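Below is one structure; the comments refer to it alone.
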Amino acid sequence: MNRRILQVVTVSKFQGGSAFNVIPDSVTIGGSFRAFSKESFLQLKHRIEEVITTQASVNRCNATVLFDSEKEAFNPVTVNDQNLHKHFLKVATQVVGERNIHEMPLLLGSEDFSWYQEVIPGYLFFVGMKDEKKSVDELAQSHNFTVNEDVLPYGAALHASLAVTYLLENQHNSPKQSSHDEL
Numbered sequence: 016m017n018r019r020i021l022q023v024v025t026v027s028k029f030q031g032g033s034a035f036n037v038i039p040d041s042v043t044i045g046g047s048f049r050a051f052s053k054e055s056f057l058q059l060k061h062r063i064e065e066v067i068t069t070q071a072s073v074n075r076c077n078a079t080v081l082f083d084s085e086k087e088a089f090n091p092v093t094v095n096d097q098n099l100h101k102h103f104l105k106v107a108t109q110v111v112g113e114r115n116i117h118e119m120p121l122l123l124g125s126e127d128f129s130w131y132q133e134v135i136p137g138y139l140f141f142v143g144m145k146d147e148k149k150s151v152d153e154l155a156q157s158h159n160f161t162v163n164e165d166v167l168p169y170g171a172a173l174h175a176s177l178a179v180t181y182l183l184e185n186q187h188n189s190p191k192q193s194s195h196d197e198l
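When we follow our numbering, the leftmost residue of the sequence shown carries the number 16, and every step to the right adds one.
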């Protein structure tokens, strides 16, 4: 999959008028768009504006394209740090076993976590909750989504182990202090 060309436009809102038999003065169309790079995102943004204004003009109408705040209109791409990926694989293998670690395909989700990764290395992962016996198999955005509480201890153990192991392995990078074994 070519990360540079994969783009998605979602039209999720269409509002106009208040009666089925009256042509409204205006219509509002809303949605979102996503891409895997800032360059691709900006190209897509330009193309959306171009298509909307041109199509309106062809139909002798006017169109105004408004995007959310220009400063925050683009969430950076969430890319996991390679060193943290190695750390994750090592610790997760110990905590949940290698057969329970699955590499996911690229996702076009919009994630605020990427703003943290602009400042410091980060690692985003998902804790699987699928359980066909309990009919737990829906995505978080689904109205049928249900939390499988049986996996919460595994997620907590994994998060704690990742943090403690990382801190113990990297304490030489900080002022010398004694480590504690509370966990």
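For every residue, glycine included, the Cβ atom is placed at its ideal position computed from N, Cα and C.
Since we're looking at a predicted model, the values are computed, not measured.
Q.
Please tell me whether Lys28 and Gly45 are closer than 8 Å, where the distance is taken between their beta carbons.
A. yes
### C-alpha distance - Ser176 paired with Val110, whole-angstrom precision
8 Å
>> Tell me the DSSP secondary structure of Asp152 in three-state form.
In response: coil
> In chain order, which continuous runs of the alpha helix (DSSP H) of length 4 or greater are located wholly inside the region 93-127?
Replying inline: 97-111
Based on Cα-Cα distance, which residue from His187, Gln186, Leu21, Thr180 lies nearest to Lys3?
For residue 3 there is no data in the structure shown, the boundaries of the chain being 16 and 198.
Exercise. Could you tell me if Leu173 is buried or exposed, where buried requires 16 or more neighbouring beta carbons within 10 angstroms of its beta carbon?
Key: buried
(request) Put Phe51 into one of helix, strand or coil per three-state DSSP. (result) coil
In the DSSP assignment, the beta strand (DSSP E) including Ser33 goes from what residue to what residue?
Run containing Ser33: none; DSSP gives neither H nor E here.
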